[in-house]
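S.K.: Here's a structure for you.
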Amino acid sequence: EPEVTQTPSHQVTQMGQEVILRCVPISNHLYFYWYRQILGQKVEFLVSFYNNEISEKSEIFDDQFSVERPDGSNFTLKIRSTKLEDSAMYFCASTRHTNTEAFFGQGTRLTVV
Amino acid sequence: QKEVEQNSGPLSVPEGAIASLNCTYSDRGSQSFFWYRQYSGKSPELIMSIYSNGDKEDGRFTAQLNKASQYVSLLIRDSQPSDSATYLCAVKVGGGADGLTFGKGTHLIIQP
């Protein structure tokens, strides 16, 4: 069964460092998403991506964040200068169309120290 | 402001009984509705989607949607201990590429 894969599963970084989280969406899906879940809180939408550009972004997705599809399979989230409050689980998801079911990767746990 | 509300629980249900999970949403423009299951430390796992008023059944799961009341529910029949998890209600507003708005989830405990 096709699935979304994310790497790494866990990343520890020092405050102020840059991190790149990687995702391989389901191959025939067209829309890609990043979500964040701070421990004990709800899953929050960050950004959606279609046709090699950002479609929508939330208030959380400020200038320290960027997304990219560097090749035909990978989809990345870059956090430029990490802060303690960026510590969270980051989930990648993909959908075939805009209103179809979203499938989530297993997540990357980011810990900023 | 899009809001999705769920009772956080815990909701405790005996094994074999029906578990009923509820969700309300604020935006009347919401078009797509999803239930996800999330085990502790894991990612959301899709259970069901529902797009139109009424009931939708899939195995032991039934989703119910009432757009007039802005209410979505999930029934789990013949509850099993493995159903113990947090159940997330997620709503999508409109037909664009905006993301899902999630509730905080209901923690369900199935007692053997």
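If you read the sequences in order, they're chains A and B. Okay, so the first sequence: first residue is 1 according to this note's numbering, each after it adds one. Okay, so the second sequence: first residue is 1001 according to this note's numbering, each after it adds one. In this text, a Cβ means the ideal position worked out from N, Cα and C, and glycines have one as well. In this text the structure is predicted, and so the values were computed from the model without any measurement.
Taking only beta-carbon atoms, is Y1036(B) less than 9 Å away from chain A?
M.R.: Position 36 of the second sequence, counted from the start, is the residue given in the question as residue 1036(B). Yes, contact with chain A.
S.K.: Using the beta-carbon of each residue, which ones in chain B are nearer than 9 Å to S55(A)?
M.R.: Mapped onto the first sequence, residue 55(A) falls at position 55. Under the 9 Å cutoff, chain B gives G1096, A1097, D1098.
S.K.: Let me confirm a value: T111(A) is counted as buried when at least 16 other C-beta atoms fall within 10 Å, else exposed. Which label applies?
M.R.: Start at 1 with the first residue of the first sequence, and residue 111(A) comes out as number 111. That one is exposed.
S.K.: Our contact map puts G40(A) next to T82(A) with C-beta atoms below 8 Å; I'd like the distance itself, whole angstroms only.
M.R.: Here residue 40(A) refers to the residue found at position 40 of the first sequence. Here residue 82(A) refers to the residue found at position 82 of the first sequence. Their Cβ separation, rounded to whole angstroms, is 20 Å, which puts G40(A) and T82(A) out of contact at 8 Å.
S.K.: Does DSSP classify S1020(B) as helix, strand or coil?
M.R.: The residue given as residue 1020(B) occupies position 20 in the second sequence. If DSSP states are grouped into helix, strand and coil, S1020(B) belongs with the strands.
S.K.: Give the C-beta separation of V1004(B) and G1103(B) to the nearest angstrom, bearing in mind that I take them to be a contact with Cβ-Cβ under 8 Å.
M.R.: Locating residue 1004(B) in the second sequence gives position 4, counting from the first residue. Locating residue 1103(B) in the second sequence gives position 103, counting from the first residue. With 8 Å as the limit, V1004(B) and G1103(B) qualify as a contact, their Cβ atoms being about 4 Å apart.
S.K.: Contact check, D1078(B) vs G1016(B) under 8 Å by CB: the rounded distance?
M.R.: Counting from one through the second sequence, the residue named residue 1078(B) turns up at place 78. Counting from one through the second sequence, the residue named residue 1016(B) turns up at place 16. Confirmed, about 6 Å.
S.K.: So which residues on chain A does K1092(B) lean against when the C-beta distance must stay under 9 Å?
M.R.: In the second sequence, the residue the question calls residue 1092(B) occupies position 92. Chain A residues near K1092(B): T98, N99, A102.
S.K.: Please name the residue, chosen from E18(A), C23(A), P2(A), H10(A), that lies closest to D71(A) on a Cα-to-Cα basis.
M.R.: One-based indexing of the first sequence puts residue 71(A) at position 71. If we check each option's Cα against that of D71(A), C23(A) comes out closest.
S.K.: Under 8 Å Cβ-Cβ, which residues of chain A neighbour P1044(B)?
M.R.: Position 44 of the second sequence, counted from the first residue, corresponds to residue 1044(B). Simply V43, F91, F104.
S.K.: Which of helix, strand or coil does DSSP assign to D71(A)?
M.R.: Within the first sequence, the letter at position 71 stands for residue 71(A). Reduced to three states, the DSSP call for D71(A) is coil.
S.K.: Going by CA-CA distance only, name the one from I1018(B), Y1039(B), Q1031(B), R1028(B) that's closest to S1084(B).
M.R.: Within the second sequence, residue 1084(B) is the residue found at index 84, counting from 1. S1084(B) has its Cα closest to that of Y1039(B), out of I1018(B), Y1039(B), Q1031(B), R1028(B).
S.K.: I'd like to know if L21(A) contacts chain B, where contact means its C-beta is closer than 9 Å to some C-beta of that chain.
M.R.: Within the first sequence, residue 21(A) is the residue found at index 21, counting from 1. No, no contact with chain B.
S.K.: Roughly how many angstroms lie between the CA atoms of P1112(B) and N74(A), to the nearest whole one?
M.R.: Within the second sequence, numbered from 1, the residue matching residue 1112(B) stands at position 112. Within the first sequence, numbered from 1, the residue matching residue 74(A) stands at position 74. If I take the Cα positions, the gap works out to 43 Å.
S.K.: Any idea what DSSP makes of P1112(B), helix, strand or coil?
M.R.: On the second sequence, position 112 is the one that residue 1112(B) refers to. Of the three classes helix, strand and coil, the one that applies to P1112(B) here is coil, per DSSP.
S.K.: Using a Cβ cut-off of 8 Å, pull out every chain B residue sitting near S48(A), in sequence order please.
M.R.: Against the first sequence, residue 48(A) aligns to sequence position 48. Those are A1097, D1098, G1099, listed as they occur along chain B.
S.K.: Can you name the residues of chain A whose CB is closer than 7 Å to the CB of S1084(B)?
M.R.: On the second sequence, position 84 is the one that residue 1084(B) refers to. Neighbours of S1084(B) on chain A: none; closest Cβ ~18 Å, over 7 Å.
S.K.: Please tell me whether S27(A) has its Cβ less than 9 Å away from any Cβ of chain B.
M.R.: The residue labelled residue 27(A) in the question sits at position 27 within the first sequence. No, no contact with chain B.
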